[in-house]
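With this note's numbering as the guide, the letters of the sequence shown map in order to residues 1 to 657.
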Amino acid sequence: MTRRAVVAAAVCAAAWGCGGEDAQPLDAVDGGHEVATDAAGDSEAGSAGEDAGPDSGDVPGVDADADAVAEVDVPTCVAGSACDDGDPCTDDDRCDAAGGCAGTARSCDDGLSCTVDSCAAGACEHALSPGFCLSEGAVPTCVDNLAEDPDATCRLCDASGAEPGWKLKVDGAPCDDGDACTPQDRCELGVCKGSGVLSCTTTNPCAEAVCEPAAGCVDVPSPGPCDDGNGCTGPDTCVDGACVGAPLTTPCDDGDACTLGDACSEGACVPGAPDPCDDGDPCTDDACVPPFGCQHDAASHCDDGDACTVDTCDALGACDHAAFEGPCEDGDLCTVGEECAAGTCAGGEPADCDDANPCTADSCASDVGCRHLFISAPCDDGVACTSVDTCVTGACFGAKTASCPFCPPPVSQEAGRIEELAVGVDGMPGSGLDVDGDAATCAPVGECSAGIDNALAFLALFNDTFASGIDDGLIELIADFGDASLDGAPFFLPVYNAVLADSNPTCDSQTTSCSYRANQSSFDASCRPFFSFDDARIEGSTLTAGGVGSTVTIALPFQGSVLAFTLANARLEATVTLSGDGEHIVMVEALVGGAAPKDQLIDAIAALDENVLPLPPEQLASVLDAAIDNDIDLDGDGVLDAASAALHIRTAPAELE
1 MTRRAVVAAA VCAAAWGCGG EDAQPLDAVD GGHEVATDAA GDSEAGSAGE DAGPDSGDVP
61 GVDADADAVA EVDVPTCVAG SACDDGDPCT DDDRCDAAGG CAGTARSCDD GLSCTVDSCA
121 AGACEHALSP GFCLSEGAVP TCVDNLAEDP DATCRLCDAS GAEPGWKLKV DGAPCDDGDA
181 CTPQDRCELG VCKGSGVLSC TTTNPCAEAV CEPAAGCVDV PSPGPCDDGN GCTGPDTCVD
241 GACVGAPLTT PCDDGDACTL GDACSEGACV PGAPDPCDDG DPCTDDACVP PFGCQHDAAS
301 HCDDGDACTV DTCDALGACD HAAFEGPCED GDLCTVGEEC AAGTCAGGEP ADCDDANPCT
361 ADSCASDVGC RHLFISAPCD DGVACTSVDT CVTGACFGAK TASCPFCPPP VSQEAGRIEE
421 LAVGVDGMPG SGLDVDGDAA TCAPVGECSA GIDNALAFLA LFNDTFASGI DDGLIELIAD
481 FGDASLDGAP FFLPVYNAVL ADSNPTCDSQ TTSCSYRANQ SSFDASCRPF FSFDDARIEG
541 STLTAGGVGS TVTIALPFQG SVLAFTLANA RLEATVTLSG DGEHIVMVEA LVGGAAPKDQ
601 LIDAIAALDE NVLPLPPEQL ASVLDAAIDN DIDLDGDGVL DAASAALHIR TAPAELE
C-alpha cells in the first residue's frame, strides 16, 4: 500500500470509522499510540525485523509499511461538516477550518417593537417593555398605555402597574364590532354590540346601494334605462354600472343666457352666437349679463351721479339733468336729513347710533352705518342681589351674592358628558336641520340640499379647538337626563357647564364615567339653566326638543376667553341609545339647529381675547360681516335678520352630584 493510501485510510478511520463495524478511531491503534513514521519508512515503535509480522494493534488491511509513513496530525472536525457546539441557542453548527465547532445565533425577533427578544436554554423569550400591552389576536399587536385594544375595542390597555392588563370601557362608549352595517356600535359589559341598520343610498342611476359587513355601502350595477344628465346624448342605458348614451345633433341650451342657437356636437352642447340684446330704445343701456341674459338699464343711461339732479331721457336718447331741491343721500351712512340746495346735497346731521345698551361701544362707519361692538365694562344688570356687574358678550351679568338665591346643583345618575361638539361643515343632510321649515331653501348656497340650513358652516374651522378643549377638560358640558321619560311624555332637558366633582377630582373621562358638579354660571338669577329645553320628548329611539320660540344660550371656554352665543328658534333632533334593559340612556347623538342674529354673533367673536383672534377685532368683524349671509327671518317681517347654525353633539355616560 502506498503512503498516500495509508494516510487516507488513517484519516478515514479517525474521522468516520471506515472499514466495517469493528473499525476503531485511529487513536486506538497500537495500544492507543498515534501511528508515526519517519523518512526511512521504519516505524518508531520497532525494527524492520519486527515489522515483518503484523502487530496485534495494526489497522486491519494495512501492512507493516504503514509504519514507515511520515508523522501526520489528523483533525477530528473536518471544515464544513455538521457538529454540535454545545450551545442550545445556536443553529446550523458547523466545523470551521481550525477544527472548532461554531453555530449561528438563533434569531428570536418576533417583529414587535414593544418586546425585548432573547434566547435562553434553547427557547425564545419575548419580554414586554414597560408602558405597553400585547394584543394577542390573529396578528399580535403592541398597544400603548390607555390605548384601545384593536382586537377587542371595548377594553383599554392599563400598563400603569407592575404587570400590564386590560380594563373595560364604560357602557355606552363607542366601539367597532367589525360590521360596517351596524352604525351604532356601543360597549356593553365589555362587549361591543352593534345596533341599527346602515341606510345605503347612491347617486348612481345604474347601481343599487347595498351594505356589506366588511366594506359598508357599495354600489352593485343594475340594468335599465337611465339619464346621464347630458342632453346631447341618448337614448341613455346602463352598461356595467355606467350610464351610456350615443351623441346627438339636436338643439340644446348651454346654460348661458347670452348665446343664441346652441346645438349638440360630439356629445357636448356648443354655444351659439352672442345675443346682441338691442331693444331699440335709445334711452337704455343694453347689455347681456350671464346668467341673467339681456339687461336694459334705463336708470344708468342718463345718470350723472349727482343726487341733486333729476335725470331724464327723451325719445331721441338725449339726456336732461334738471336741478332738484329736496331730501337726498350724500353717500355717508353716518349722516341723516341731507337736503339739496343750489345743486349740492348737504346739511345732514350725525346719525344717532346709541342703542341704549351699556355693554356696547356705539360707533359709525360711513360705508356700513352704525355698529355696536361688545365691551368689557361695569354695568347694572337690574338684579338687586348681584354685584360687580360686568359686561360679557353684549349683556350685563352680575356675580351672585349671599342675598341671591343659590341654585342647588342638580343631582342625577342619568347624565351625559358631551364628548363631541362640532359645527356642521355644510348644509347637507346629516350636518344640520331645516331651521326655517322651508324645504325649498338651504344654506350655505352651493353646499346644501334638502332644506338644511347652516349659513355659519364656515365656523367649522374652530372644530379642532373645540375638540382639544373637550379632550383637555376645558370644555365640560353635561346634559341632565334625570327627568327623561321614555314613553313620549315631555320633560325638561338642561345642559350645564360643569367641573369634576370633589369625589373624583382626577377622574379620566376618556376612559371611565365621571361625576360632575354644575357651575353656578349655568344659571340665571332665577336659577333657570341658560342652555335648556322645556319640551323634550323621546319616542322610540328619537329625541326631539325645541322649535319656534325656543332660545338657548351656549357659553364655551375658548383659548382663555368665553365664546357665548344665543340660538333663537333652537331645535334638537337626536338618536338615543339605551342600555340592554332599555331603561337607561347611555348615548345621545344629536343635531342642534337655530338662528343667531348676525350682528350679535359677529360681536361675540370679535369680543374674544385679541391674542387668539386671527385678525384685529374691527377687521375681523368686517370680514365676518362679508362672509355671513342672513338666511332666517326671526320676526316674520319679511327681512332676513339672522344666520342659521348647526352643531353636532354626542354624549357618553356621566353623573351629576
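Ideal placement from N, C-alpha and C gives every residue a C-beta, glycine not left out.
What is the DSSP secondary structure of A40, counted as helix, strand or coil? Caution is warranted here: a pLDDT of 36 is assigned to A40, below 50, making its placement in the model unreliable, and the coordinate value is therefore given only provisionally. Three-state DSSP puts A40 in coil, outside helix and strand.
Using a Cβ-Cβ cutoff of less than 6 Å, which residues in the same chain neighbour G137 once the five nearest sequence positions on both sides are dropped? D151
So what's S584 in DSSP terms, helix, strand or just coil? A quick correction: the sequence has His, not Ser, at residue 584. H584: coil per DSSP, three-state reduction.
Nonlocal neighbours in the same chain, by C-beta distance under 6 Å from L624, ignoring five residues either side: I602
Whole angstroms is fine: what's the gap from A642's alpha carbon to C364's? 21 Å
Report all residues from its chain with a CB closer than 7 Å to the CB of P223; omit the five preceding and five following residues, and keep chain order. C238
Which word fits L316, buried or exposed, when buried means at least 16 other C-beta atoms lie within 10 angstroms of its C-beta? exposed
Got a sec, what are the start and stop residues for the alpha helix (DSSP H) Q184 sits in? No alpha helix (DSSP H) holds Q184; the beta strand (DSSP E) holding it covers Q184 to E188.
Ignoring anything shorter than 3 residues or poking outside the stretch 426–493, list the beta strand (DSSP E) runs there in chain order. 477–480
Which runs of the beta strand (DSSP E) at least 3 residues long sit entirely within the stretch 561–634? Give them in chain order. 561–578 and 585–597
Would you call T401 buried or exposed, if buried means 16 or more other Cβ atoms sit within 10 Å of its Cβ? exposed
Nearest to A596 (by Cα), restricted to the options V586, A457 and G482: A457
Beta-carbon of E610 versus every beta-carbon of chain C: anything under 9 Å? Note that chain C does not occur in the displayed structure, where there is just one protein chain.
Exposure of N611, with buried meaning 16 or more beta-carbon neighbours within 10 Å: exposed
Under the assumption that F523 contacts C407 (Cβ atoms under 8 Å), give the Cβ distance between them as a whole number of angstroms. 4 Å
In angstroms with no decimal places, state the Cα-to-Cα distance between C101 and D110. 28 Å
Would you call the stretch 153–172 and the stretch 116–136 touching, i.e. three or more CB-CB distances under 8 Å? yes
Assumed close pair T182, S195 - CB separation to whole angstroms, cut-off 8 Å: 6 Å
Minimum C-alpha distance to P490 - residue among G482, Y496 and A361: G482
Proximity below 9 Å, CB of H372 to CB of D599: yes
Anticipated Cβ contact below 8 Å, S243 with C252, distance rounded: The residue asked about is misnamed: residue 243 is Cys in this sequence, not Ser. Going by Cβ atoms, the distance from C243 to C252 rounds to 18 Å, so no, they are not a contact pair.
What is the DSSP secondary structure of A299, reduced to helix, strand or coil? helix
Spatial neighbours of D389 within its chain, please: C-beta separation below 6 Å, excluding the five flanking residues on both sides. C379, D380, D381, C396 and G398
Mapping DSSP to helix, strand and coil, what is Q510? coil
Three-state secondary structure (DSSP) at S644? strand
G99, buried or exposed, once every other Cβ within 10 Å from all chains shown has been counted against 16: exposed
State the DSSP-derived secondary structure class of S521, mapped to helix, strand or coil. helix
Classify E21 as buried or exposed, calling it buried when 16 or more other Cβ atoms lie within 10 Å of its own Cβ. The predicted position of E21 is uncertain, since its pLDDT is 38 and thus under 50; a value taken from the coordinates is nonetheless stated next. Looking at its Cβ environment, which holds fewer than 16 other Cβ atoms inside 10 Å, E21 is exposed.
Straight-line Cα distance separating L112 from C142: 7 Å
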